[in-house]
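**Q**
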Amino acid sequence: MSLVVEGLHLRYGEKIAVHEVSFRVEPGQVLGLLGPNGAGKSTTLKAVVGLKRPTRGTITLAGIDAVRDPVAARRKLGYVPELPALYEALTPREHLLLFARLQGLDDALALRRIESLLELLKIREVLDAPIATFSKGMRQKVLISAALLHDPAVVIFDEPSRASTRRRPGC
Numbered sequence: 002m003s004l005v006v007e008g009l010h011l012r013y014g015e016k017i018a019v020h021e022v023s024f025r026v027e028p029g030q031v032l033g034l035l036g037p038n039g040a041g042k043s044t045t046l047k048a049v050v051g052l053k054r055p056t057r058g059t060i061t062l063a064g065i066d067a068v069r070d071p072v073a074a075r076r077k078l079g080y081v082p083e084l085p086a087l088y089e090a091l092t093p094r095e096h097l098l099l100f101a102r103l104q105g106l107d108d109a110l111a112l113r114r115i116e117s118l119l120e121l122l123k124i125r126e127v128l129d130a131p132i133a134t135f136s137k138g139m140r141q142k143v144l145i146s147a148a149l150l151h152d153p154a155v156v157i158f159d160e161p162s163r164a165s166t167r168r169r170p171g172c
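Taking our numbering, the leading residue of the sequence shown gets 2, the next gets one more, and so forth.
(1) So residue 117 is in the alpha helix (DSSP H); what residue range does that whole segment cover?
(2) Counting only beta-carbon atoms, is residue 145 nearer than 8 Å to chain B?
(3) CA-CA distance, residue 153 and residue 16?
(4) Pick from 79, 52, 124 and 62: whose alpha carbon is nearest that of residue 11?
(5) So, do the stretch 69 to 88 and the stretch 40 to 60 have three or more beta carbon pairs nearer to each other than 8 Å?
(6) What are the complete beta strand (DSSP E) segments, minimum 3 residues, inside the stretch 127 to 160?
(7) What is the C-beta distance between residue 132 and residue 93, in whole angstroms, given that I count them as a contact (C-beta under 8 Å)?
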């Protein structure tokens, strides 16, 4: 159930955003993309999760060609975006149940997984509170729960420390 990226290349018009990126991540491994702002880290991840179509190159996720069949690949993928995208009027239970249904999970299994994840992430006590009332850290935990809900083969975090880490001036 590996993730293999080979010769990934993305352009925005004449601008080359990603040039010949290749990597392989095996089960149990963690990969971090490091580089200055504008280096193409988030663009690379957006291609991996199917939000950007590469100009050329291949992306294989758990044996599925993610460029040719992005819908099937997304079923094997959990994604925590750089910017929190949550339905603020919903509660975590409602938000996660919606995402579980979109992934094709039946409600009974989904509710068991929701309970388990919220317990694991220590947010069970706010299961029925509107997401609009949550701190950035709590919102991040709901996003992580949504990414893990369907038991994906690969989980992608874009800028994982941005929402959950309080930065000090000068750091």
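The beta-carbon is built from N, C-alpha and C at its ideal position, and this holds for glycine as well.
**A** On the basis of the data shown:
(1) Taking the sequence shown and counting its residues from 1, the one referred to as residue 117 is at position 116. Counting along the chain, the alpha helix (DSSP H) containing residue 117 begins and ends at 108 to 121.
(2) Although the question refers to chain B, the structure presented lacks it and comprises just one protein chain.
(3) Here residue 153 refers to the residue found at position 152 of the sequence shown. Here residue 16 refers to the residue found at position 15 of the sequence shown. Rounded to whole angstroms, residue 153 to residue 16 spans 33 Å at the Cα level.
(4) As a working mapping, residue 11 is identified with position 10 in the sequence shown. Nearest C-alpha to residue 11: 52.
(5) Put simply, the stretch 69 to 88 touches the stretch 40 to 60. At least three CB pairs are less than 8 Å apart.
(6) Entirely contained in the stretch 127 to 160, the beta strand (DSSP E) runs reaching 3 residues are, in chain order, 155 to 158.
(7) Against the sequence shown, residue 132 aligns to sequence position 131. Against the sequence shown, residue 93 aligns to sequence position 92. With 8 Å as the limit, residue 132 and residue 93 qualify as a contact, their Cβ atoms being about 6 Å apart.
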